[in-house]
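In full-length UniProt numbering, the protein residues as written are 1 to 1165.
Notes follow the structure.
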Amino acid sequence: MYKVLQKYTKKHKHEQHGSGAGEANEHYSRSRSEGSHLNGAGGRGLSPPAATNGYYSASREQHKTNGGIHHSGSQQQLRRTEEFHERSRSRGGDYRNGYSGRFGAENGSLPRGAVTERRNFYDAATGAHGFSENSSWETKEHFERKVQKGGQKAAAGTLGSRARLDQWGSGSGLAIERGGYDDVISRLTRGIGITNEKLDHLLVRIDNVNVAEERGERFEILERQVREIVDDLHLLKPPIDELFSDVEILRQQRHSQTADLNKQVVGLEQRRAAYLGRLEDGIMTRLGIRPKTQFVTERVTSTTTADGGSLAYKGNAFRRVEDAIQWIRDRTYKLNTMQFSETLEMLEQMFEKQKLDNRDIQDFRQTVDECIARQAEVSAEDSYDYFELLKILESEYQQLRELSAGRMVDLDSLIAFIRAAQLELVWIHEREELEVTRNWSTVQQLDIPMLQNYFKQLLHEIELHEKQFNDVHNQGAALINQRHPAGEVIEVYLRTMQNQWDWLLNLSKCLEGHLRDAYNAKSFLEESDQIEQQMQQQLNHLDQSYNRTDFSLDEGERMLRELDSIREHIQQLHARLLSLSERCSQISPLWQRGERIGRPIPVVSLCEYKRDECTLLDNHDLLHWRIRGMDGVEASIPSVVFRIPPPDPRLSNLLSRFHGQFERLRKLWDRKHHLTRYNMVLSTMRTVRGWDLDTFLSIPPDQRDEIIKALNEDVNKLLAELDPNDPLARRLKDELRLTNEHFYDLLGRAQKGPEPNYANEFDAAAVELIRKFEDAFKQLSERAQIRIPSNLEELEHQIREHKIFEDNLQALDVDVSNVKELFRQLPSPTPNQRAKHDLMISRWEEIWDLCRMYVERLKALENVLKSVDEVSDIVRRHEVTLSSFDDMPAALERLRGVHAQLVELLMVLQQQRSIVENLNKDTAQIRSHVARTRLGVQHHSDVDQLEELVTNLTVRWDNVNSQVTDRLRIAEEAQQTQMVYRSQYDEELQWLDRVEATINSLRRPEDLRPEELQGQLDQLTAEYAQLQEHTATIEAINKEGGKFIRDARSYDIKLAQYHDNIISAHGQRIKDEFRRQIPQPKNGAQIVTEELEALNRRFAQLSSVILERKNIVNVLIQNWRRKQQVDKLFLFELLLMVNYEVLKIELKRYFGIYLICFSLLQLNN
1 MYKVLQKYTK
11 KHKHEQHGSG
21 AGEANEHYSR
31 SRSEGSHLNG
41 AGGRGLSPPA
51 ATNGYYSASR
61 EQHKTNGGIH
71 HSGSQQQLRR
81 TEEFHERSRS
91 RGGDYRNGYS
101 GRFGAENGSL
111 PRGAVTERRN
121 FYDAATGAHG
131 FSENSSWETK
141 EHFERKVQKG
151 GQKAAAGTLG
161 SRARLDQWGS
171 GSGLAIERGG
181 YDDVISRLTR
191 GIGITNEKLD
201 HLLVRIDNVN
211 VAEERGERFE
221 ILERQVREIV
231 DDLHLLKPPI
241 DELFSDVEIL
251 RQQRHSQTAD
261 LNKQVVGLEQ
271 RRAAYLGRLE
281 DGIMTRLGIR
291 PKTQFVTERV
301 TSTTTADGGS
311 LAYKGNAFRR
321 VEDAIQWIRD
331 RTYKLNTMQF
341 SETLEMLEQM
351 FEKQKLDNRD
361 IQDFRQTVDE
371 CIARQAEVSA
381 EDSYDYFELL
391 KILESEYQQL
401 RELSAGRMVD
411 LDSLIAFIRA
421 AQLELVWIHE
431 REELEVTRNW
441 STVQQLDIPM
451 LQNYFKQLLH
461 EIELHEKQFN
471 DVHNQGAALI
481 NQRHPAGEVI
491 EVYLRTMQNQ
501 WDWLLNLSKC
511 LEGHLRDAYN
521 AKSFLEESDQ
531 IEQQMQQQLN
541 HLDQSYNRTD
551 FSLDEGERML
561 RELDSIREHI
571 QQLHARLLSL
581 SERCSQISPL
591 WQRGERIGRP
601 IPVVSLCEYK
611 RDECTLLDNH
621 DLLHWRIRGM
631 DGVEASIPSV
641 VFRIPPPDPR
651 LSNLLSRFHG
661 QFERLRKLWD
671 RKHHLTRYNM
681 VLSTMRTVRG
691 WDLDTFLSIP
701 PDQRDEIIKA
711 LNEDVNKLLA
721 ELDPNDPLAR
731 RLKDELRLTN
741 EHFYDLLGRA
751 QKGPEPNYAN
761 EFDAAAVELI
771 RKFEDAFKQL
781 SERAQIRIPS
791 NLEELEHQIR
801 EHKIFEDNLQ
811 ALDVDVSNVK
821 ELFRQLPSPT
831 PNQRAKHDLM
841 ISRWEEIWDL
851 CRMYVERLKA
861 LENVLKSVDE
871 VSDIVRRHEV
881 TLSSFDDMPA
891 ALERLRGVHA
901 QLVELLMVLQ
911 QQRSIVENLN
921 KDTAQIRSHV
931 ARTRLGVQHH
941 SDVDQLEELV
951 TNLTVRWDNV
961 NSQVTDRLRI
971 AEEAQQTQMV
981 YRSQYDEELQ
991 WLDRVEATIN
1001 SLRRPEDLRP
1011 EELQGQLDQL
1021 TAEYAQLQEH
1031 TATIEAINKE
1041 GGKFIRDARS
1051 YDIKLAQYHD
1061 NIISAHGQRI
1071 KDEFRRQIPQ
1081 PKNGAQIVTE
1091 ELEALNRRFA
1101 QLSSVILERK
1111 NIVNVLIQNW
1121 RRKQQVDKLF
1131 LFELLLMVNY
1141 EVLKIELKRY
1151 FGIYLICFSL
1161 LQLNN
C-alpha cells in the first residue's frame, strides 16, 4: 500500500504543479480584469506580496512538513498539522470576523500585538490592491478569501516553526533576545501608521480630483492638483525604502514578526504604486497631462536586489520576467512608432494586421500569468525584488494592452474618416469633372436654359452638401484635437478636402462667368438676328410697297403716315444697334476657346487662382491651356479657369455689317420718302388737272386758291431739294407748268358752258371691269377648293401662284381709278350707273378680302407644317433615346447615371412642351381658315387628315413623357432601395468574412487541452448567438433586394415593350439608330439575385459549420468530465486508505507516550 501511495503522491504532485498554475492564472486573470474594470488605473489586478508571498511560502513550508512526515514519520508534527487543518476546515465565515479568535485559540504564547499586526496586514493588503469605495462586493470578497487562504497557510507555517524552536531552542543556542529590536519594531509600527495616514489623505485628494473633473473644473487647476499629488507620492518613496531597510534588519536576524511587518510595508509600497498608476494611467491620460518622469521605467532599469546584485542573475524565473518585459517593450515601441498610410487599402491591411497583433498581445496574458505563478520558485529573500519586477511587468503589459486597443480604435476611426473623406472627394470630383470638361466654344450647341437650371441645382446641392462636408471635416479636426497619432495623414486629407471644396466653389464661379458670357453671346446673336431680319423686312417692304407712281391723295397720305411710322421703327433699330455695340464690348469671344491661337493673347482668371492677368501661350488642348503668369512662370492649367477678355472680333464685324445695312435702310427710307412726296405732288397735280369744269365750280374759290398755292409751295420745296439737272426736277417743273395752265384754263372756262357727258364711256369701262372681277373671283375660289398641301414644297408652289395672281389683280387698280374718275365726272349718274359703280366697288373689295383670308390660311398652314416636321423630329429622337436605354443596372454609380440621364431628358421635354402645344393650337385654327375660304363646303377631309397626323404626333409625345416619368419614378425608388441594400449587404459580407476568419482560425478541438475546450465552446456559442442576431439583418437584406429585383424587372419589361413598339411603328431600320446594340451580360435583377443566393448560402453554411464544431467540442468536454469524475473517485479512495493508516500510527504513538508517563508517575510515587 505504501508503494501505491508513494506512486500516486508523486503523480498527484506533478498534476497539481501542472494544473495549479493554470487555475492560479485563471483566478488571477479574473481578479485582474474585475479590478481593472471597477477601479480603473488604481486596481492593477496584481495580488499583493503579503498574500502571494505568504501563500507560496506557506505552500513550500507545507511541502517540507509533508515531506518530513513521510520520510521521518514524526508523530507529533503530523498530529499538529492535521489538527490545524481540521480546525481550519471546521471554522468558516468571514475572514475578518474570525481572525483574532483563531489566533487566540491557537496558542496563548503568541505576542500581544499579533492580532493588531494581522489586522494591519489585512488593511495594508487591501489598500495595496487599490480597492475604491465603489468596488463591487464580489471583487472584495474574492480578494479576502485569497488573503484568508494565504494567511491561514502562513500561520500554520509560523506555528510549526515556533514549535520546533521551543523544542530545540534550549539546546541549540539560536534563541534571540527580543529587547534589542523593540526600537526597530516600534519605528516600523509608527512609520507604517504614519504612511498609511498619508496614503489615506492622498486617496481623498485623488477622489476630490475625480469629482472636480466630472464637475468641469478648469484644466490648469486640475493639472496643478494632479502634479502636487504625484510629487507627494514620489516623496513617500524614501520613507518606504527606509521601512524596507528596517524589515531587512529583522529578516537577517530571523525575527518572528519579520513576515507580518514585511507584508505591511509591501502593502504600503503597492498602495503608493497603485495610486501613481491610477493617476498616470487614468486621470493624466484623460486630461492629456504628460508625466515628468516614468517611475515604472526607472524602476525597471534600476531594480536591484537587496545585496546590490542584478535581477538578471537570479535565476530562470527572473530571466523569464525580464524577457517578457522586453517583449512588451518591443511591442510598445512598435506601436508607438507605427507609420500610418494615406491609402484606404493599406490602412485596412494595417487594421487587419493590428487585429492579429492585438490578439497576440491578449494571448500574452498567459505568459504574464505564468510569471506570476512562478513566485513559488523564488526564495523568500528575493520575493520583494521579484514582486517589483511583476509590478513592472503587469503595469507595462496593461499599458501595452491599452495602447494596442487604442491603436485599434485609432485605425478604425482613421479608416472611417478617410472613407468618408474619399466619398466627399469623389462627390466633388464628379462635379469638377463636368465643369473642367465642358466645352464653351460652341455657343450655338449649348442649351442655356438647361445650364442655368443646372447652375441653380449645383448651388443648391453645394448648399445642402456643405453640412455633410463640414461634418466630415469636423470629424477629422476632432481627431487632430484628440491628438490622433495619424495627425499628419488627417491633415493631408483635411487640406485636400478644403482645397477641393474651394476648387469646387471656384469652379461654380467659373461656371457662372462662362454661363453669363454664353447667355450674353447667345442673346446677342439672337437679337442681332432679329434686328437683321427686321432691317431686311423693312428694306423689302420699302422696295416693294413704295414703288407706285400713281396713287390717290388719300393713298399718298396713308403712305406718308406709314413712312413716318417706319422712320420711328428705324430709330428704334438704331437705338438697339447702339445697345448691341455697348454689349459687344463686354462679351468674351467664346469661339476662340476652340480655335488654336496664332499668337499669345491675354486672359483673365474667373476665380481666385490668380488675381492678375495672365498670358495664354497655347490652347491646342481644349481642356488645359499653357499659361504664363506675370512672374514669368509657365504652367498647364484647366481652361475653365480663364476668360478671354472682350471684344469679340466676329461680333464687331457683325455690328459693322449691321451698321452698313442700317445706313442703306436709312438712305432707302430717305429716297422712298422723297419719291412718295414727289409722287404725291404729281398725283395732286394730276388730280388738279383731272378737274372738270363742274368739279372746279363746285370748289369754293378760296379753297381752290389755297390748293394751288400749297401745291406750288410743295413743288418749290422739292425743286430746292433736287438737283436742277435731275430729270425728276425737270419733269416736276413741266408738271407744275401743265397744272397751272389747266387750273387757269378752268378758271377761264368757268365763265363758259358745261362740259361734255361721259356716260357712255363710263358704262363700257364699268361693264368690262366687272367681268374681269368675276373671272378673278372665280379663279381664286377654285384655288381655295384645292386640297391643302401636305408638305412645304407644295405649299411654296401655291404661294408662288397666289403671288402672281395678286400681281395681276394689282394691275387692275389703275382701271378702277379711271372708272371712279369717270363716275365722278358724271354730272347726274343714273340709278343703273350707280348700281354698276357700287357692284364694281363691292366686287373689288370682296376679291381683296378673299385674298387676305387665303393669305392668312397659307401662313397658318405654313406654321403647322413647319411645326409638324419639328415635332416629328423631336419625338423620333426621344423615341430612339428611350429605346437605347439598357436594362436597370445593379451598380449604384450606373444607377445614378441612369437617373441623371432621365432627369436631364425630363427637363428637355419640359422645355419642348410649348412647341407641341403651339402645334395643337395652330392646327385647331386651320379648320376655321379653310372654312372661311371654302364657301358652301361643310366637310374638309384634307383638314381631317392633318388633324389626325397631329393627333398621332401628340400621342407619341405623351407616350414619351409617360415613359420618362415612369422610368424616373422606378429609377428613384430603385436607387433608394439599392443604397439601403448595398450598405447592408457590404456590412454583412464584411461581418461574414470576419466570422469565417474567426472560425477558421480556431484550433482543431482534438488539438486542444481539456481546460481549453470550454473557452472554444464559449466562443462558438457567442458566434452562433451573434449569427442568430444577424438573421433579422439577412432577412432585411433579402427584403430590400427582392424589392429592387421587382422594380428592376418591371423597369426592364416596360423598356422591352416600348422597344418593340418603336420597332413595329418605324420598322427594323430604326434599330440602326439605337445606341444600345448589344445588351449588358447581366442586368441588375440577375446580379442582385445571384448576390442574395450567395449570401444566404454562406450564412446557412456558416451556421451549420458552427453547430457541427459545437457538437464536437461538447462531446470532448463530456468525455473529459467523465474522466475527471473517475480520477476524483480513485483519489478519494486512496485518501481514505492513507488516513486510516496514519490514524493507526498516531494511536500507537499516543498509547506509548501514555505508558511512559504512567510509568514515571508510579516511579515518583
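The beta-carbon is built from N, C-alpha and C at its ideal position, and this holds for glycine as well.
Determine the extent of the beta strand (DSSP E) in which T615 is found, giving its start and end residues.
C614 to D618
For the candidate residues E394, R374, C607 and L617, whose alpha-carbon lies nearest to that of R599?
L617
Which listed residue (K866, L188, I786 and R1009) has its alpha carbon closest to that of L792:
It is K866 whose Cα lies nearest to the Cα of L792.
Could you check how far apart the C-beta atoms of Q833 and D763 are, in whole angstroms? I think they sit under 8 Å.
With a Cβ gap of about 7 Å, Q833 and D763 count as contacting.
Over what stretch of residues does the alpha helix (DSSP H) that includes V816 continue unbroken?
D813 to Q825
State the beta-bridge partners of H624 as determined by DSSP.
H624 is bridged to P638.
Short Cβ contact (7 Å threshold) for E424 with L511:
no
Rounded to whole angstroms, what's the CA-CA distance from T954 to K1054? Just pull it up for me.
T954 and K1054: Cα-Cα distance of roughly 20 Å.
Tell me whether Q643 is buried or exposed, calling it buried when 16 or more other Cβ atoms sit within 10 Å of its Cβ.
Looking at the sequence provided, one finds Arg at residue 643 rather than Gln. The residue in question, R643, is buried, as its Cβ has 16 or more Cβ neighbours within 10 Å.
Comparing C-alpha positions only, which one of E821, E1011, I804 and D241 sits nearest to A759?
E821
Which residues in the same chain as T965 place their Cβ atom closer than 8 Å to its Cβ, once the five residues preceding and following it in sequence are excluded?
L906
Against chain C, with Cβ distances strictly below 7 Å, would R1122 count as a contact?
Judged by its chain identifiers, the structure shown contains no chain C, having just a single protein chain.
Pairs of beta-carbons, one from the segment 196 to 216 and one from the segment 245 to 259, closer than 8 Å: are there three or more?
The count of Cβ pairs closer than 8 Å, one atom from the segment 196 to 216 and one from the segment 245 to 259, stays below three, leaving the stretches out of contact.
Run the CB neighbour count on H837, radius 10 Å, all protein chains shown included, and call it buried at 16 or more, exposed below.
Classification of H837: buried, given that the 10 Å Cβ count is 16 or more.
With a 10 Å radius around its C-beta and 16 neighbouring C-beta atoms as the bar for buried, classify W957 as buried or exposed.
buried
For R994 and N316, the rounded distance between their alpha carbons:
40 Å
What residue ranges within the segment 344 to 424 form continuous alpha helix (DSSP H) runs of no fewer than 4 residues, ordered along the chain?
Runs of the alpha helix (DSSP H) inside the segment 344 to 424: 344 to 363 and 365 to 373.
Is L236 near R272, with beta carbons less than 7 Å apart?
In this structure, R272 lies closer than 7 Å to L236 by Cβ.
Could you tell me whether the Cβ atoms of I926 and V864 are closer together than 7 Å?
Yes, the Cβ-Cβ distance between I926 and V864 is below 7 Å.
Uninterrupted alpha helix (DSSP H) stretches inside the segment 249 to 290 (no shorter than 4 residues):
258 to 278 and 284 to 287
Tell whether a beta-carbon distance below 7 Å holds between F524 and L577.
no
First through last residue of the alpha helix (DSSP H) which encompasses I570:
L553 to C584
For the ligand ADP, is there any heavy atom lying closer than 6 Å to the beta carbon of I841?
Only the bare structure without any ligand can be found here, which leaves the ligand ADP out of the picture.
Do L261 and L188 come within 7 Å of each other at the CB atom, strictly closer than that value?
Yes, Cβ-Cβ distance for L188 and L261 is below 7 Å.
From E782, R1109, L902 and E988, residue whose alpha carbon lies closest to that of residue 1167
Examination of residue 1167 is not possible in this model, given that the chain is present from 1 through 1165 alone.
With a CB to CB cut of under 6 Å and the five nearest residues on each side skipped, what residues in its chain are close to L1147?
none
Can you look up I601 in the DSSP assignment and give me helix, strand or coil?
strand
Member of L1135, W691 and T676 whose CA lies at the smallest distance from the CA of L718
T676
Inter-residue CB distance, E288 and P239 (contact presumed, cutoff 8 Å)
Reading the sequence as shown, one finds Gly at residue 288 and not Glu. Not a contact, Cβ separation roughly 31 Å.
Which value, in whole angstroms, describes the spacing of the CA atoms of S639 and R431?
16 Å
Going by DSSP, what residue range makes up the alpha helix (DSSP H) through N725?
Segment: none, N725 is in no alpha helix (DSSP H) and carries neither H nor E.
Given R896 as reference, the closest of Q976, A259 and E948 once Cα atoms are compared
Q976
Endpoints, alpha helix (DSSP H) assigned at Q538
G487 to S545
Distance, Cα to Cα, D200 vs R227?
18 Å
If you drop the 5 nearest sequence neighbours on each side, which residues of the same chain put their C-beta closer than 6 Å to that of L1013?
V1113, L1116 and I1117
So for S172, helix, strand or coil by DSSP?
For S172, the pLDDT reaches just 33, beneath the cut-off of 50, and the residue's location in the model is therefore unreliable, although a value from the coordinates is still provided. Helix at S172.
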